[in-house]
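Data first, discussion second: the structure below is written as structure tokens.
Protein chains: 2
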Amino acid sequence: MQEHEFHNDESRVEYLQQLIDEGTFRKASRLLAALAPGEVAHLLESVPPPQRQVIWKLIRDDVGGDVLMELTDEVRADLLNRMDSAEVLAVSESLDTDDLVDLIQQLPHTITREIIESLDGQHRARLEAALSYPEDTAGGLMNPDVVTVRPEVTVDVVVRYLRRIREQLSPRTDILVVVNRQGKYLGVLALADLVIAESDDTVAEVMTLDFPPLPASIDEREVASRFEQHDLVSAPVVNDEGFLLGMITIDDVVDVIREEGEHQFMGRAGLSEEEDMFAPILISARRRAFWLGINLITAFLASWVIGLFEATIQQVVALAVLMPIVASMGGIAGTQTLTLTIRGIALNQLNDKNARWLLNKELAVGALNGVVWAIVVGIVAGIWFKSLDISLLIGAAITINLLFAAVTGALLPRLLDRVGIDPALAGGVLLTTVTDVVGFMAFLGLATLFML
Amino acid sequence: MQEHEFHNDESRVEYLQQLIDEGTFRKASRLLAALAPGEVAHLLESVPPPQRQVIWKLIRDDVGGDVLMELTDEVRADLLNRMDSAEVLAVSESLDTDDLVDLIQQLPHTITREIIESLDGQHRARLEAALSYPEDTAGGLMNPDVVTVRPEVTVDVVVRYLRRIREQLSPRTDILVVVNRQGKYLGVLALADLVIAESDDTVAEVMTLDFPPLPASIDEREVASRFEQHDLVSAPVVNDEGFLLGMITIDDVVDVIREEGEHQFMGRAGLSEEEDMFAPILISARRRAFWLGINLITAFLASWVIGLFEATIQQVVALAVLMPIVASMGGIAGTQTLTLTIRGIALNQLNDKNARWLLNKELAVGALNGVVWAIVVGIVAGIWFKSLDISLLIGAAITINLLFAAVTGALLPRLLDRVGIDPALAGGVLLTTVTDVVGFMAFLGLATLFML
Chain A
1 MQEHEFHNDE
11 SRVEYLQQLI
21 DEGTFRKASR
31 LLAALAPGEV
41 AHLLESVPPP
51 QRQVIWKLIR
61 DDVGGDVLME
71 LTDEVRADLL
81 NRMDSAEVLA
91 VSESLDTDDL
101 VDLIQQLPHT
111 ITREIIESLD
121 GQHRARLEAA
131 LSYPEDTAGG
141 LMNPDVVTVR
151 PEVTVDVVVR
161 YLRRIREQLS
171 PRTDILVVVN
181 RQGKYLGVLA
191 LADLVIAESD
201 DTVAEVMTLD
211 FPPLPASIDE
221 REVASRFEQH
231 DLVSAPVVND
241 EGFLLGMITI
251 DDVVDVIREE
261 GEHQFMGRAG
271 LSEEEDMFAP
281 ILISARRRAF
291 WLGINLITAF
301 LASWVIGLFE
311 ATIQQVVALA
321 VLMPIVASMG
331 GIAGTQTLTL
341 TIRGIALNQL
351 NDKNARWLLN
361 KELAVGALNG
371 VVWAIVVGIV
381 AGIWFKSLDI
391 SLLIGAAITI
401 NLLFAAVTGA
411 LLPRLLDRVG
421 IDPALAGGVL
431 LTTVTDVVGF
441 MAFLGLATLF
451 ML
Chain B
453 MQEHEFHNDE
463 SRVEYLQQLI
473 DEGTFRKASR
483 LLAALAPGEV
493 AHLLESVPPP
503 QRQVIWKLIR
513 DDVGGDVLME
523 LTDEVRADLL
533 NRMDSAEVLA
543 VSESLDTDDL
553 VDLIQQLPHT
563 ITREIIESLD
573 GQHRARLEAA
583 LSYPEDTAGG
593 LMNPDVVTVR
603 PEVTVDVVVR
613 YLRRIREQLS
623 PRTDILVVVN
633 RQGKYLGVLA
643 LADLVIAESD
653 DTVAEVMTLD
663 FPPLPASIDE
673 REVASRFEQH
683 DLVSAPVVND
693 EGFLLGMITI
703 DDVVDVIREE
713 GEHQFMGRAG
723 LSEEEDMFAP
733 ILISARRRAF
743 WLGINLITAF
753 LASWVIGLFE
763 ATIQQVVALA
773 VLMPIVASMG
783 GIAGTQTLTL
793 TIRGIALNQL
803 NDKNARWLLN
813 KELAVGALNG
823 VVWAIVVGIV
833 AGIWFKSLDI
843 SLLIGAAITI
853 NLLFAAVTGA
863 LLPRLLDRVG
873 IDPALAGGVL
883 LTTVTDVVGF
893 MAFLGLATLF
903 ML
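Chains A and B, in that order, give the protein sequences.
Heads up: the first sequence at position 283 corresponds to 283 in this note's numbering, and the numbers run straight through without jumps.
Heads up: the second sequence at position 180 corresponds to 632 in this note's numbering, and the numbers run straight through without jumps.
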């Protein structure tokens, strides 16, 4: 029988939706069984909640756990909430220890205890060790189940050992970890070196010594940059005393990088990178309302500034017509500087010394563009309202606002970062508050001084 | 001798900057030699251009090529521009074929010819094959140099072959590719399986058959999602006839994912993900000016709408004070919907069916928040200006604008995507144009109808 061919994810999702709408669950179930857990997770995220429940019921128990782990937090939490503890336990049984760690952090306390108690002693100890590190550190990312070998054994012995535990060996394994009898980290044995070694070589002879392990306490962003800068596929994690705790693999790092990118992108709109596109209306509305509320405060602040100059506006209505241009130019220019600075911080490329250089450069760029656009806007506005005064005023206001925008964009993110506020979240709102207030103040203030 | 210890990248950059400022180049050079190419690249991107040149001169020729390849396009282009062709040739000699492909696409034609002519026949053929695919496809990402084995040979023979070519074998290798005599792709041989195989097994007996290769023509975003959904470390690339062309490794995919995230984040501010934080002032100013110009057009459009109601504003100045609130609330709410939709498109999770669901959901969220904030703003504005008319008017205008914002945010990105415009770049500007125009039009228009 010929299977349906899919050119891309989109047609697959549509086909599955169609099958479910038609009620042909058997076909849908066969389609699902042929997919990797990551693909099923992608499908689940691509359909609205009612269909999501139907598809979830069609997934076999033995892959359910892996599918859950590939979902974003929010969709996973939603599915978990609708499961009873027996179902959660069933799903958790098939999971690796590192996935179990992630899952447990999302579960109610009672189920967590049940899961931990169902584990044998060794697994439980590892799980509890991993749970002791925050989620966003190397310790929180690592998988405590690692294949280790001793330096004094021969290649022959290693190979026989690997044959015995072949079930535990992932087909993507690139290195084994070498530890001493006490569990202290010594180095790694690359499979590529193991394959070409002679069978009576010892591990010590073929292992790699200069493979620095990751301390369990470092931040996940630091983990990602080490993987990127050294092109790693997997890396051992150790505690402060140098004892092996676990291993981080590139698939977990890819998730970190993906989430970091989405966090910056979605944070700017006050959204979480975990946000489910099909979240229930009330939940979505409440979350968005919070962000709208914060922005409303800044909008009222801007209005209050305008209100200070009511008398001026009444006399020269052209000011009301033109004032959004001044605010908007400042906001756009400032956002560019802000974005560049936030990326610099995220990539760990800004320090006190080059931040000063960046500030000077951005000020120069702001001054240059300030003058250029002041002339352009000044000419257009002057012709529009047939007034040299307005032409000069709006030009001056735009130049002032672009300079403030450059300074704010360059300094604000580092300031926020230093006091522990995420610049990707708060930077945009604060910056436009500054450019709105400065823009209106400069334009209407100068007008009050010179035109009345 | 004790080496300087670094807690993080930042202190390393500062220490290096200090060494260079002090002119202690020998120490700086030793520090650089101890770093991985990715780390050196990170350092180069973290310092302003003058120091960048100094550091670049301190880098040894044999790692220069690898460092270049780890840099963002813009910084790389700047360094290449300052090198003569002899230097470029020297640097290119140490590169893998896939890196050479990327490099060549950035070089002037004359140097390109020299490089290609310096290669031997086999290398040249591979290079030219790889150059025939666009940069952002699987063919453009792949490395044409692949270690291949035949299905009929024994494990013993494979191991002896690998010993002979051990130089070409990366320590991160996880799979070898199995091809027939004609070069047609058959499957992969995981090193993990090779290690535990008996020496007289044939490759055919231990290889993995169900490892679908990547077609050379698929988009790099599709490549990334396959790697993510199947947790791949490397994957073979084939042409339409199923012949092996090369191999993609996870480090290239990580770059794609990182760039995609930065593209969305920086695109929203009209910046390129390749933008150098320390680009020269004139170049930066010109690029930013373009974006400011586009936004100026939309700002003038909004001003023109306000200008239509000059007479109304003159009679009720409160309208001028409050109108930015209406526009701003619409812009914020619309941006949230827009952001969610753009991510849905980027993750390939939107199709005709669920896009309608998303639109309905966003309309409901918009209506709900529209009513809630209409009441809040209405009450505040009513008290501020002691006017029930203004209270009702601004409430109605906010509700109308939030509904338009939801529709625009949900539909615009798919529309742009369909006509080939990048929604991450153009979406934000267009959306705020709509919310500004609708906001001013609704507020001032209703005021003209009902208050005069």
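Backbone N, C-alpha and C define an ideal beta-carbon position, used for all residues, glycine too.
- The DSSP assignment places complete alpha helix (DSSP H) segments of no fewer than 4 residues inside the stretch 726-792 of chain B at 733-759, 762-767, in order along the chain.
- Within chain B, the residues placing a beta-carbon under 7 Å from that of V254 (chain A) are E680, V706, I709, ordered along the chain.
- Contact between the stretch 587-605 of chain B and the stretch 649-657 of chain B is present: 3 or more CB-CB pairs across the two stretches fall below 8 Å.
- Secondary structure of N81 (chain A) (DSSP, three-state): helix.
- In the structure shown, the three-state DSSP call for L347 (chain A) is coil.
- For D73 (chain A), the closest C-alpha among the options A:S272, A:T341, A:I390, A:D422 is that of A:S272.
- Take D174 (chain A), set aside five residues on each side of it, and the residues of its chain with a beta-carbon closer than 7 Å to its own are A190, L191, V233, S234, in chain order.
- Here A447 (chain A) carries a helix assignment [DSSP, helix/strand/coil].
- Taking C-beta atoms as the reference points, L296 (chain A) and M775 (chain B) fail to come closer than 8 Å.
- With 16 or more other CB atoms across the displayed protein chains lying within 10 angstroms of its CB, P423 (chain A) is buried.
- For M699 (chain B), the enclosing beta strand (DSSP E) begins and ends at 696-701.
- Straight-line measurement puts the Cα of V823 (chain B) at about 15 Å from the Cα of I784 (chain B).
- DSSP places V640 (chain B) in the strand class (E or B) of the three-state scheme.
- I831 (chain B) sits exposed, since fewer than 16 C-beta atoms from the chains shown fall within 10 Å of its C-beta.
- At the C-beta level, I248 (chain A) and L214 (chain A) come within 8 Å of one another.
- Distance from the CA atom of V434 (chain A) to the CA atom of L734 (chain B), rounded to whole angstroms, is 26 Å.
- In the three-state reduction of the DSSP assignment, A405 (chain A) falls in the helix class, which pools H, G and I.
- Look at L358 (chain A) here: in three-state DSSP terms it is helix.
- Within the DSSP bridge table, the entry for P667 (chain B) names B:V690 as partners.
- Listed along chain B, the residues sitting closer than 7 Å to S303 (chain A) by beta-carbon distance are V773, L774, P776, I777.
- Straight-line measurement puts the Cα of L425 (chain A) at about 6 Å from the Cα of G270 (chain A).
- No residue range can be given for L904 (chain B), since it is assigned to no alpha helix (DSSP H) and is classified by DSSP as neither H nor E.
- In the structure shown, L628 (chain B) falls within a strand segment according to DSSP collapsed to helix, strand and coil.
- DSSP places L43 (chain A) in the uninterrupted alpha helix (DSSP H) bounded by 37-46.
- Excluding its 5 nearest sequence neighbours in each direction, A224 (chain A) has C-beta neighbours in its own chain below 6 Å: V253, V256, I257, listed in chain order.
- Residues of the stretch 191-211 of chain A with a C-beta atom less than 8 Å from some C-beta of chain B are L191, A192, D193, L194, V195, I196, T208, listed in chain order.
- Annotation for Q168 (chain A): D145, V147 place their beta carbon closer than 8 Å to its own, counting only its chain and skipping 5 residues before and after.
- Listed in chain order, the alpha helix (DSSP H) runs fully inside the stretch 115-146 of chain A are 121-131, 138-141, counting runs of at least 4 residues.
- Inter-residue distance for G719 (chain B) and I835 (chain B) is about 41 Å (C-alpha atoms, whole angstroms).
- Not a single CB atom of chain B sits nearer than 8 Å to the CB of S391 (chain A).
- Under the Cβ distance rule, F278 (chain A) counts among the residues neighbouring chain B, one pair being separated by less than 8 Å.
- T884 (chain B) sits in a helix when the DSSP states are folded into three classes.
- With fewer than 16 other CB atoms across the displayed protein chains lying within 10 angstroms of its CB, E569 (chain B) is exposed.
- A distance of 8 Å or more separates the beta carbons of R356 (chain A) and V817 (chain B).
- Using a CB distance cut-off of 8 Å, L416 (chain A) does not count as an interface residue toward chain B.
- Judged by pairs of C-beta atoms under 8 Å, the stretch 293-309 of chain A does not touch the stretch 746-765 of chain B, as fewer than three such pairs exist.
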